Amino acid sequence: RTHPKIKIEKIKTFNENEFYFCKIEKPELILTGDARLKIKDKNKTSLFIEGPYELLKLLYDILPNWKNKP
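Numbering (the numbering used here), first residue to last: 19 to 88.
Quick look at the structure:
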């Protein structure tokens, strides 16, 4: 389930069953006033998560525990 203020952007051919992230970048502020988190997998496929900075910072702190895991 996704938080109502979180928006996830991915390419049309994105397959979540094959996405095992290996790199996560710090949340960056964007022009809308929210922040954006960029996550990449080993094939350089990117997933973007937009939302309040505080929520994305929390994800940034937690997600490294799941690196290269389903």
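Ideal Cβ positions, reconstructed from N, Cα and C, are used throughout, including at glycine. Computed from a predicted model, the values in this text were never measured in an experiment.
Check the C-beta distance from residue i over to residue j and give it rounded, since I have them as a contact under 8 Å.
| i | j | result |
| --- | --- | --- |
| A53 | L77 | Contact flag wrong, Cβ pair sits at about 10 Å. |
| K58 | F66 | That pair is no contact at about 10 Å. |
Along the chain, where does the beta strand (DSSP E) that runs through residue i open and close?
| i | result |
| --- | --- |
| D59 | A53 to D59 |
| K25 | K25 to E27 |
Compute the Euclidean distance between the alpha carbons of residue i and residue j, then round it to the nearest angstrom.
| i | j | result |
| --- | --- | --- |
| W84 | P22 | 23 Å |
| T20 | L81 | 15 Å |
| L47 | G69 | 10 Å |
| E43 | D79 | 11 Å |
| S64 | I29 | 8 Å |
| E72 | F39 | 21 Å |
| F37 | K62 | 10 Å |
| E34 | K41 | 16 Å |
| I26 | T50 | 15 Å |
| K60 | T31 | 16 Å |
Skipping 5 residues on each side, what residues in its chain have a beta carbon closer than 6 Å to that of residue i?
| i | result |
| --- | --- |
| I24 | G69 |
Those runs of the beta strand (DSSP E) which lie wholly inside the segment 29 to 86 and span at least 3 residues = 39 to 42, 53 to 59 and 64 to 69
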